[in-house]
Amino acid sequence: MFVSVVIPTYNRRPILEKCLDALERQHLADALDQYEVVVVDDGSTDGTPTWLLGQVDRFPHVRLVEQQHGGPAEGRNRGVDHARGDVIVFIDSDLVVTESFLACHAKALQRSWKQRGDRLCFTYGAVVNTANFEDPTSERHKLRDLSWAYFATGNVAIDRGVLERSGLFDCSFRLYGWEDLELGERLRRMGVGLIKCPEAVGYHWHPALTLDQIPKLIRVEGERARMGLVFFRKHPTRRVRFIIQFTWLHRLLWELLTLGGLVNQHSLRPLLRWLIHNGYTGTAMEVLRLPLNRIGVRTLFQVAKAEGLR
Numbered sequence: 000m001f002v003s004v005v006i007p008t009y010n011r012r013p014i015l016e017k018c019l020d021a022l023e024r025q026h027l028a029d030a031l032d033q034y035e036v037v038v039v040d041d042g043s044t045d046g047t048p049t050w051l052l053g054q055v056d057r058f059p060h061v062r063l064v065e066q067q068h069g070g071p072a073e074g075r076n077r078g079v080d081h082a083r084g085d086v087i088v089f090i091d092s093d094l095v096v097t098e099s100f101l102a103c104h105a106k107a108l109q110r111s112w113k114q115r116g117d118r119l120c121f122t123y124g125a126v127v128n129t130a131n132f133e134d135p136t137s138e139r140h141k142l143r144d145l146s147w148a149y150f151a152t153g154n155v156a157i158d159r160g161v162l163e164r165s166g167l168f169d170c171s172f173r174l175y176g177w178e179d180l181e182l183g184e185r186l187r188r189m190g191v192g193l194i195k196c197p198e199a200v201g202y203h204w205h206p207a208l209t210l211d212q213i214p215k216l217i218r219v220e221g222e223r224a225r226m227g228l229v230f231f232r233k234h235p236t237r238r239v240r241f242i243i244q245f246t247w248l249h250r251l252l253w254e255l256l257t258l259g260g261l262v263n264q265h266s267l268r269p270l271l272r273w274l275i276h277n278g279y280t281g282t283a284m285e286v287l288r289l290p291l292n293r294i295g296v297r298t299l300f301q302v303a304k305a306e307g308l309r
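For the sequence shown, numbering that gives the first Met the number 0 gives the first residue as 0, with consecutive numbering after it.
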């Protein structure tokens, strides 16, 4: 099996370095003959392409592909176009994997292909969230790391032919969110099965919450809402409504949990500051999700009304 790891990146050079270091330490196995890493730079302004071009000896498995800033969907498609492997592994550029990561995906895929008699499946590895930049793989697995997504590109492996038959990613998802789950919806309708592969572990690094990040997080919720409606227009089903939280049940839920907006990013600021100061940044993020979810759902309904969606 020849595996191509496709990684879109945008202005993440420090953590990308750790990501690529981990991928260079992969153990080959009976199921894994060779691998490559296709890094698609999405118009970074932090010097990522120049830096990578100077690291050829350090990262012999890496091939660099460049594009103007077009978003992760376009980047992943471009990476697949340039890939040479018969299996595609998608990870994000802020994911640091274990040394057996690719071998575990390869073994699980081969086992599933043999059992099923076809290649209509993909493996979904474990993602552990961490704010520990110096040693991300030391983070323990937590309950909030569990994901119910059907196809999330943070850690998946799929046969290239199956992926190409699905039509790849929809490049109309140019802002943050939903392009991978939308592809997952098409894969699900093709009868492509999800195979859990918890042995293929990746540690997803993101900086610990600070109060300065709140405006960006609010902006991202607005982008997610707009891209959620792109998802819904393609698949106007009850299932997708629930996935993107485009229901009156979700609107009522977040209004109740935030007391109609009284619990918001401003009123929570003293509590968030105390939690962050005392090292409870994970708890602070979970608390902040209350108003963030309300903002996202309200934006969904506002944009949908403006566009005539129901």
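The beta-carbon is built from N, C-alpha and C at its ideal position, and this holds for glycine as well.
Is the segment 67-80 in contact with the segment 168-178, if contact means three or more CB pairs nearer than 8 Å?
-> yes
Using the C-alpha atoms, what's the distance from TYR9 back to GLN54?
-> Here residue 54 corresponds to residue number 55 of the sequence shown, with the count starting at 1. Here residue 9 corresponds to residue number 10 of the sequence shown, with the count starting at 1. Each residue's alpha carbon lies about 18 Å from the other.
Own chain partners of SER92 with C-beta closer than 6 Å, once the 5 adjacent residues on each side are dropped | If you number the sequence shown from 1, residue 92 lands on position 93. Answer for SER92: ILE6, THR8, ARG11, LEU15 and CYS18, listed in chain order.
Is the beta carbon of GLU23 less than 9 Å from the beta carbon of HIS60?
-> Here residue 23 refers to the residue found at position 24 when the sequence shown is read from its first residue. Here residue 60 refers to the residue found at position 61 when the sequence shown is read from its first residue. Cβ atoms of GLU23 and HIS60: closer than 9 Å.
Roughly how many angstroms lie between the CA atoms of VAL296 and SER99, to the nearest whole one?
-> Along the sequence shown, read from residue 1 onward, the residue named residue 296 stands at position 297. Along the sequence shown, read from residue 1 onward, the residue named residue 99 stands at position 100. Their backbone Cα atoms lie some 39 Å apart in a straight line.
With 16 as the cutoff for other CB atoms within 10 Å, does ASN131 come out buried or exposed?
-> Sequence index remark: in the sequence shown, residue 131 carries index 132 (1-based). Exposed, because fewer than 16 other Cβ atoms sit within 10 Å of the Cβ of ASN131.
Note down, in chain order, each residue of its chain lying with its Cβ closer than 6 Å to the Cβ of VAL126, except the 5 sequence neighbours on either side.
-> Stepping through the sequence shown from its first residue, residue 126 is reached at position 127. Hits under 6 Å: GLY153, ASN154, GLY201 and HIS203.
Mind checking GLY46: buried by the 16 CB within 10 Å criterion, or exposed?
-> Translated into positions along the sequence shown, residue 46 becomes position 47. Its Cβ having fewer than 16 others within 10 Å, GLY46 is exposed.
Could you tell me which residues DSSP puts in a beta bridge with PRO7?
-> Here residue 7 refers to the residue found at position 8 when the sequence shown is read from its first residue. Answer is VAL39.
In terms of alpha-carbon separation, which member of ILE275, ARG250, TYR279 and THR257 lies closest to MET301?
-> For the purposes of this step, residue 301 is taken as residue 302 along the sequence shown, with counting starting at 1. Met is not the amino acid found at residue 301; the sequence shown has Gln there. When each option's Cα is compared against that of GLN301, the closest is ARG250.
Who are CYS120's beta bridge partners in DSSP?
-> As a position in the sequence shown, residue 120 is number 121, starting the count at 1. In the DSSP output, where bridge partners are listed per residue, CYS120 has GLY192.
Which residues does DSSP pair with GLN310 in a beta bridge?
-> In the structure displayed, the chain extends from 0 to 309; residue 310 sits before or after that span and is not available.
Say the cut is 8 Å; is the CB of ASP20 nearer than that to a heavy atom of the ligand SAH?
-> Looking at this structure, you won't find the ligand SAH or any other ligand, since it has none at all.
Which whole-angstrom value describes the C-beta separation of LEU208 and THR298, a residue pair presumed to lie in contact below a C-beta threshold of 8 Å?
-> As a position in the sequence shown, residue 208 is number 209, starting the count at 1. As a position in the sequence shown, residue 298 is number 299, starting the count at 1. With 8 Å as the limit, LEU208 and THR298 do not qualify as a contact, their Cβ atoms being about 21 Å apart.
Going by C-alpha distance, which of LEU271, GLY190, GLY259 and ILE157 is nearest ASP211?
-> On the sequence shown, position 212 is the one that residue 211 refers to. With distances taken between Cα atoms, ASP211 lies closest to LEU271.
Local conformation of GLU133 per DSSP, three classes | For the purposes of this step, residue 133 is taken as the residue at position 134 of the sequence shown. Coil, per DSSP.
Which same chain residues, not among the five before or five after ARG159, have their C-beta less than 6 Å away from its C-beta?
-> As a first step, residue 159 is located in the sequence shown; it is residue number 160 there, counting from the start. Within the same chain, ARG159 has close Cβ partners ASP85 and ILE87.
Starting from ASP158 and walking both ways along the beta strand (DSSP E), at which residues does that stretch end?
-> The count along the sequence shown starts at 1 and reaches residue 158 at position 159. Here the beta strand (DSSP E) through ASP158 covers 154-158.
LEU31 versus MET0: straight-line alpha-carbon distance, rounded = Here residue 31 corresponds to residue number 32 of the sequence shown, with the count starting at 1. Here residue 0 corresponds to residue number 1 of the sequence shown, with the count starting at 1. Rounded to whole angstroms, LEU31 to MET0 spans 5 Å at the Cα level.
Just how far apart, CA to CA, sit PHE168 and ARG75?
-> The residue you call residue 168 lines up with position 169 of the sequence shown. The residue you call residue 75 lines up with position 76 of the sequence shown. Cα-Cα distance, rounded: 7 Å.
Contacts around PHE89, its chain only, beta-carbon distance under 7 Å, and the 5 residues preceding and following it disregarded | Indexing the sequence shown from 1 puts residue 89 at position 90. The residues are VAL5, ARG75, THR152 and VAL155.
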